[in-house]
Amino acid sequence: MNELIIALVGQPNVGKSMLINSIADARLKVGNFSGVTVEKAEVRFMTQDRSIKIVDLPGTYSLNDYTQDERVTKDFLENEPYDLIINVVDATNLERNLYLTTQLLELDKKMIVALNMMDEAQKEGISIDHEQLSSILGVPCVKVSAATKKGIGKLLNRTIDISNFPHEKSKLIYSDVVEEEVEKLSFFLKQKRYKTEFAYRDVVLKLLQNDPKMYQKMHEEPIWLELSPLLKEALEHLYLHHETKDVSEVFAEERASFAKGAVTETVTCKKSVSKNITEKIDALLIHKFFGIPIFIFLMWGLFQLTFELGSIPMDWIDAFFSALGNYAKTIFGEGQLGSLIADGAISGVGAVVMFLPNIVILFFGIALLETTGYMARVAFLLDGFFHRFGLHGKSFIPLVTGFGCSVPAYMSARTLKNDKDRLITLFIIGFMSCGAKLPVYVLFAGAFFAGSNAGNVLFLIYIAGAFIGLIAAKFLKLFVFKGVDEPFVMEMPKYRLPSVRLIWHTVVTKATMYLKKAGTFILGASLLVWFASNYPKYPSIEESFSQKIELASSDEEKTTLSNEKAQVLLEKSFLGMLGKSTDVLFQPIGFDWKMTVALESGLAAKEVVVSTLGVLYALGSDVDEGNEGLISELQKQISFASSVSFIIFVMFYLPCMAASIVFMKESGSYKYLAYLFVFTTVIAWGLAFIGYRVALLF
Amino acid sequence: MITLSEMNAGEKAIVTGIEADGELKQRLFSFGLRRGSQLKIKATSIAKSTMEIEVGSTLIALRYEEAKRIGVQRA
């Protein structure tokens, strides 16, 4: 038998992703819908000798084109092949959820309704007569709870049952007024013995709802001449009854009253508990005056946590990798191979893995904000503020995600419907320093500021980046992307305790992605940097230094000479040539060629900045004496003003290669990527120049 | 007739009409906000730039500009 394809459809915040997680366990595959970068989660498995594929469609409030996510869902349901719909609804908010259900019923596909969050509904004293609801909707309804994994097996069994039986038409019935007109027009079609692949009822309903495709089709038919006046009359009747000239409003009211009727007949509610909890939390968290300070405090707490808590495992990882490096040298010797493995591979990758704890904590915090429902509150609180800078309250979500990684941030900007709002947001996401820039800041803050101040400096870097981003947004809104504002209308979901499983899944996915980057891309880049800094070889220079070192009398002199040797060799290496040839551009902002090289390698990935610095500065030190780390080398070789300038440049320059590619996809043009390069480089260079000159005064 | 934007936190109202274009209107409909719906203003942010309203059991955040398009009657 063929594979059974199931589309999972539901409104946002109904626990759809948790449901597919429960069904899939670890088999969930996350990819993209073709053509667009909307996330597509799929799971394939066998049950009762049938192979099944479930596709999780993006959450949608109704079938419309409001956001790109909703367009994807609508397109899939209308054009892609699938056998069956599982409509996930929130049992605690049935009436609004059934609005979408009524639209799905009209797609005329096999369908099953999953009443999700039944555990929560029971706690709230809501009981639902699911058999009665099944008979009203004409499709089976199954009670499930994704959180407690109850009813999932039953849902799958019923789904397979339905797939084996022939399709029955749903029983969506409109008000008497509409039904009467449907009857009249259907009767006319019947009299005319009009031939069509569709049922007369469907044809009539589509015409009454102003469906353009059906109009186009009917327009070609001879019957149109007689049908058209009847249709006009029918519409006039509906307008009169509903006191509006807008047919979409007529049907919205129809759907709503159907949903309301269904709820009245099937739902009994004893008490309302959780609403009060949400109300109580909201009273504090979106308080007119305390709301924003609380939010800022929470953000500050998150960054402190990232720095303070993260530093503990960082020390262990650091110790582990230096031990590993020394061990590698005892195996592979002090020669080229040993150097390649210890100084190139291990120190490069180690410098990246060291920041894993920070990244895990940060992503954990962001996942927590998202799953609890607090993110929507923040958008509510901040829209007034953001709107002033030409942004949207919803821009907050991609911007905050940008603190984690620009790639998902660019993707999440898709919730912004207006192209201009979205472009402005896309342009400034890079100014929200991503997790991969964190290592650079941690390194420099640790090296050039007192330990007790490092957390505050870090916080200041993030805030300053965000602030400059806002000013840039205002500039773009005023001079580049002028136009109408996107409406601000969003649901504030109920507060929910986060699902440990879902957060775990998110954090693990992010951490694995980061490590994969470290293991492949960054390993390759580290080796390349190592090669470029060790070659070409100059035996004559090495020889003359060796002779000098042998002749040197004191140990101190020997050290100085060997440092000098490494320095000279490095300057003459490929990397040195590259750095020196572009150095002119960066001299006014106080960079030496090593910093220039590190910065340029950062275009590949921001993590590489630190690993490059590691390779470059570790080679310049005397390895035998070297239990002093990278930090002390930086302190020796870089001035305070240059380090300030370097931090500033890293804050604002072009995001990494992966992010730039995603940016290009999301903005929809190569042209914008070129603009982004110019825009970020000008800002980065300009501000670094100012920072450098100011820091020189101290 | 007054609009939603003139209402304050804690007040209740009934929607009398929505002056909005197709897609925004559809979005409001799918949230359960249409002519005849009862709503309650739960909170407003500083300077009333955004407001939180409750329709049925759904909480919705709106900007002042959007609230101006929703005609209401105090209830």
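Going line by line, the protein sequences match chains A and B.
Per our numbering, the first sequence runs over residues 1 to 698.
Per our numbering, the second sequence runs over residues 1001 to 1075.
All C-beta atoms in this analysis are idealised placements derived from N, C-alpha and C, irrespective of residue type, glycine included.
{"Item": "Under three-state DSSP, which class holds Met1051/B?", "Value": "strand"}
{"Item": "Can you check whether the C-beta of Tyr495/A is within less than 8 angstroms of a C-beta belonging to chain B?", "Value": "no"}
{"Item": "Check the Cβ-Cβ distances between Glu1066/B and every residue of chain A, and say whether any is below 8 angstroms.", "Value": "yes"}
{"Item": "Please list the segments of the alpha helix (DSSP H) lying wholly inside the region 236–312 of chain A, counting only runs of 4 or more residues, in order along the chain.", "Value": "247–266, 274–285"}
{"Item": "Exposed or buried, Phe290/A, counting other C-beta atoms within 10 Å across all chains shown (16 or more means buried)?", "Value": "exposed"}
{"Item": "Say whether the region 443–460 of chain A touches the region 631–646 of chain A, bearing in mind that this needs 3 or more beta-carbon pairs closer than 8 angstroms, one atom from each stretch.", "Value": "yes"}
{"Item": "Would Ala1047/B count as contacting chain A if we go by Cβ distances under 8 angstroms?", "Value": "yes"}
{"Item": "Keeping to the same chain, check which residues put their C-beta closer than 8 angstroms to that of Asp583/A; ignore five residues upstream and five downstream.", "Value": "Phe591, Asp592, Trp593, Thr596"}
{"Item": "Using the beta-carbon count (16 or more within 10 Å), is Asp1021/B buried or exposed?", "Value": "exposed"}
{"Item": "In the DSSP assignment, find the unbroken beta strand (DSSP E) run with Ile5/A in it and report its ends.", "Value": "4–10"}
{"Item": "Could you have a look at Val14/A and say whether DSSP puts it in helix, strand or coil?", "Value": "coil"}
{"Item": "I think Val14/A touches Ile1060/B, with their Cβ atoms under 8 angstroms apart; what is that distance to the nearest whole Å?", "Value": "Not really, about 16 angstroms apart at Cβ, beyond 8 angstroms."}
{"Item": "Look at the Cβ atom of Leu362/A, then the Cβ atom of Gly404/A, and state whether they are nearer than 8 angstroms.", "Value": "yes"}
{"Item": "Using the Cα positions of Ala716/A and Phe386/A, report the straight-line distance between them to the nearest angstrom.", "Value": "Coverage of chain A is limited to positions 1 through 698, which leaves residue 716/A absent and any answer about it impossible."}
{"Item": "What alpha helix (DSSP H) runs, 4 residues minimum, are completely inside the region 494–551 of chain A?", "Value": "500–517, 523–534, 539–551"}
{"Item": "Is Gly626/A close to chain B, meaning its C-beta is less than 8 angstroms from at least one C-beta of that chain?", "Value": "Per-residue confidence for Gly626/A stands at a pLDDT of 31, beneath the threshold of 50, marking its modelled position as unreliable; no derived number is given."}
{"Item": "On the premise that Phe427/A lies in contact with Leu673/A, defined as a C-beta separation below 8 angstroms, what is that separation, rounded to the nearest angstrom?", "Value": "Between Phe427/A and Leu673/A the Cβ distance is about 11 angstroms, and since that is not below 8 angstroms, they are no contact."}
{"Item": "Taking 8 angstroms as the CB-CB limit, is Asp119/A close to chain B?", "Value": "no"}
{"Item": "If I follow the unbroken alpha helix (DSSP H) through Met354/A, where does it start and stop?", "Value": "First-last for Met354/A: undefined, no H or E at that position."}
{"Item": "Under 6 angstroms Cβ to Cβ from Leu189/A, same chain only, skipping five residues before and after it: list those, please.", "Value": "Tyr200"}
{"Item": "Please confirm whether Gly1010/B has its beta-carbon closer than 8 angstroms to some beta-carbon of chain A.", "Value": "no"}
{"Item": "For Ser62/A, return the contacting residues in chain B, with the cut-off set at a CB-CB distance below 7 angstroms.", "Value": "Gln1026, Ser1030"}
{"Item": "Examine chain A for any beta-carbon lying closer than 8 angstroms to the beta-carbon of Ile1070/B, and answer yes or no.", "Value": "no"}
{"Item": "Could you tell me the alpha carbon to alpha carbon distance between Arg50/A and Pro313/A, rounded to whole angstroms?", "Value": "47 angstroms"}
{"Item": "Does the beta-carbon of Lys1070/B have 16 or more other beta-carbons within 10 angstroms, so that it is buried, or is it exposed?", "Value": "The question names Lys, yet the displayed sequence has Ile at residue 1070/B. Ile1070/B comes out buried."}
{"Item": "Please report how far the alpha carbon of Lys745/A lies from the alpha carbon of Ala436/A, in whole angstroms.", "Value": "This structure cannot settle anything about residue 745/A, because the visible part of chain A is limited to 1 through 698."}
{"Item": "Identify each residue in the region 267–291 of chain A for which the Cβ-Cβ distance to at least one residue of chain B is less than 9 angstroms, and report them in chain order.", "Value": "Ser272, Lys275, Thr278, Glu279, Asp282, Ala283, Ile286, His287, Lys288, Phe289, Gly291"}
{"Item": "Cutting at 8 angstroms between CB atoms, please list the residues of its own chain near Ile1046/B, excluding the five before and the five after it.", "Value": "none"}
{"Item": "Tell me which residues of the region 121–147 of chain A have at least one Cβ-Cβ distance to chain B shorter than 7 angstroms, keeping chain order.", "Value": "none"}
{"Item": "Is there a C-beta anywhere in chain B that falls below 8 angstroms from the one on Glu253/A?", "Value": "yes"}
{"Item": "Give the DSSP-derived three-state secondary structure of Thr67/A in the structure shown.", "Value": "coil"}
{"Item": "Just list the residues that DSSP pairs Val55/A with in beta bridges.", "Value": "Ala7/A, Glu42/A"}
{"Item": "Who are the Cβ neighbours of Pro81/A in its own chain at under 8 angstroms, not counting the five residues just before and after it?", "Value": "Ile5"}
{"Item": "Who are the near neighbours of Ser645/A in its chain, counting only those whose CB is closer than 8 angstroms to its CB and skipping five residues on each side?", "Value": "Ile589, Gly590, Phe591, Ala688, Phe689, Gly691, Tyr692, Ala695"}
{"Item": "Would Leu1059/B count as contacting chain A if we go by Cβ distances under 8 angstroms?", "Value": "yes"}
{"Item": "Could you pull out every residue in the same chain whose Cβ sits closer than 7 angstroms to the Cβ of Tyr653/A, ignoring the five residues on either side in sequence?", "Value": "Thr680, Thr681, Ala684"}
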